[in-house]
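In the numbering used here, the protein residues as written are 10 to 522.
One structure is given below, encoded as structure tokens.
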């Protein structure tokens, strides 16, 4: 990080990653390392601050516990987390990335405050960036919210806090002043040279709990770790809140430095599987080819995945072959819809014929592919859905291994959220029930926002989509059924469906009371 953030009055900071909460009816609930919090911890430590990282998930990754009639969580209890906070702490930092987690995180903050009422609590994350005023008003125990990219803002906050300077000049902050009025400071510019950000402080995280259990956000394939090769996304899809968090700027790391980091993890943690959590991983064809060639040149034998999604324009036959020859196991696509009209309405800049061609070339190269799909957009018609179902059939025929097919949810901070809010289409907005309805991976409790069909039809279309896709895949490629059984037995997964099945089996074995 920039040397100007070197602190002359170091603080003791306790960073908290909350436990993981999901619906009892969630299709899957992966656990992964706390990448964002670990990045923040390393930046604070490099600036001279003393850092404690309390990983509310990693310190107890075993059986889920009930939180309410409809939700369960994995990790430490709120009381356990509050007890672990170092009494010498000057500032507590809490992460909240997903709006569906907010009622849960808010209650955790309340528990921590009652245990440590004298310590200010600073909140950060994508949910917080979207609606900081709601966070401050609904949780009076929060002193300030970090908006957007967190490293530099939190460092400057600590500088002003420790030297008792006014916070008004700290860019990227929302806080209550002495008169209890909410103040928004100017937005902070993005960090351009992200290679300057120190590697995540994994030494502060109980890494072996993740590694030995093969915990993963993608498919299970041995000892796994999460990484970032880039930050941000240059696209402006209307259902996505990333623009609000990151602006439309995309910055990539030097591929050689990414490989340096991988090499370090293989040496220090015996990592076998690297998962890239980038919002849009592959944009520049030259970058991915350089990365793949670098892995092969150094002889690094790992599996790596892009489970989130990517652009098809950069992935052709040459790129696909380079990816699989360097160890790529999974590549995710994110078409979202098979309807040209819907894609135009949500500003998803996808050319479907080019996307299908990219998928064919990846299948021929031997890459395992998954695709993220959605339905229930406000303007989506029955005809649009049938176009998407037809596209699901085409992807299955091409050879795509897996899909997710979830209902649209109006995430705070997204353009569609603001549009629905202005039209008064969110009657129970900001209630706990509404926040929980935003969780994407559950079978019940979601809402339908389409103006042309209701929740019953959405359920039917969703079920039909899964049946069309997987029915076609298993009918014309029955060998996948045998491979799935083998992989479930050996606990080495090659597809999302295998991970989902294993999750269900384990949920049955450890059903919470």
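Each residue gets a CB set at the ideal place from its N, CA and C atoms; glycine is no exception.
As the structure is a computational prediction, the values presented were derived from the model and not from experiment.
Validate contact between the region 423 to 443 and the region 237 to 250 using beta carbons, cut 8 angstroms, 3 pairs: yes
Inter-residue CB distance, residue 100 and residue 129 (contact presumed, cutoff 8 angstroms): 6 angstroms
Distance between residue 409 and residue 431 (C-alpha atoms, nearest Å): 39 angstroms
Cβ-based neighbour list, residue 439, same chain, cut-off 7 angstroms, excluding 5 preceding and 5 following: 143, listed in sequence order.
Rounded separation between residue 375 and residue 418 - CA only: 33 angstroms
Extent of the continuous alpha helix (DSSP H) to which residue 144 belongs: Looking at the DSSP string, the run of the alpha helix (DSSP H) that includes residue 144 is 141 to 147.
contact_flag[the region 472 to 480, the region 51 to 69] where n(CB pairs < 8 angstroms) is 3 or more: No, the region 472 to 480 is not in contact with the region 51 to 69.
Cβ pair residue 361, residue 415 closer than 8 angstroms: no
Secondary structure of residue 345, DSSP reduced to three states: strand
Burial state of residue 154, where buried means 16 or more other Cβ atoms lie within 10 Å: buried
Proximity winner among 28, 235, 433, 405, relative to residue 267 (alpha-carbon distances): 235
Contained beta strand (DSSP E) runs [length at least 3] in the region 249 to 296, N- to C-terminal order: 282 to 285
Local conformation of residue 131 per DSSP, three classes: strand
Through-space distance from residue 149 to residue 405, alpha-carbon basis: 50 angstroms
Secondary structure of residue 192, DSSP reduced to three states: In this structure, DSSP gives residue 192 an extended state, which the three-state scheme calls strand.
Residue ranges of each beta strand (DSSP E) within the region 95 to 124, 3 or longer: Contiguous beta strand (DSSP E) elements confined to the region 95 to 124 occur at 100 to 104, taking only those with 3 or more residues.
For residue 471, the first and last residue of its enclosing alpha helix (DSSP H): From DSSP, the alpha helix (DSSP H) with residue 471 extends over 464 to 485.
Per-residue DSSP class, three states only, for residue 437: coil
Segments assigned beta strand (DSSP E), at least 3 residues, entirely inside the region 352 to 390: 377 to 384
Which listed residue (366, 104, 295) has its alpha carbon closest to that of residue 403: 366
CA nearest to the CA of residue 225, picked from 421, 75, 42: Closest option to residue 225, Cα to Cα, is 42.
Beta carbon of residue 278 nearer than 8 angstroms to that of residue 216: Taking 8 angstroms as the Cβ cut-off, residue 278 and residue 216 qualify as a contacting pair.
Which residues DSSP lists as bridging residue 153, in chain order: Answer by DSSP bridge pairing, in chain order: 131, 184.
Residue interval of the alpha helix (DSSP H) (run including residue 25): Residue 25 -> not in any alpha helix (DSSP H); beta strand (DSSP E) instead, spanning 21 to 26.
C-alpha distance - residue 465 paired with residue 390, whole-angstrom precision: 14 angstroms
CB of residue 140 within 8 angstroms of CB of residue 349, strictly: In terms of Cβ geometry, residue 140 and residue 349 do not form a close pair [threshold 8 angstroms].
Closest residue to residue 111 among 467, 448, 476, 492 (Cα-Cα distance): If we check each option's Cα against that of residue 111, 448 comes out closest.
DSSP state of residue 442 mapped onto helix, strand, coil: helix
Inter-residue Cα distance where the pair is residue 413 and residue 243: 23 angstroms
Local conformation of residue 76 per DSSP, three classes: coil
Under the three-state DSSP convention, the category residue 457 falls into: coil
Neighbour-count burial assignment, residue 28, 16 or more Cβ in a 10 Å radius: buried
Same chain, Cβ closer than 6 angstroms to residue 48, neighbours up to 5 away in sequence not counted: 209
Check whether residue 364 and residue 474 have beta carbons under 8 angstroms apart: no
Reference residue 380, options 227, 306, 117, closest by Cα: Ranked by Cα distance from residue 380, the first of 227, 306, 117 is 227.
Sequence-distant residues of the same chain with beta carbon closer than 6 angstroms to residue 193, five excluded per side: 183
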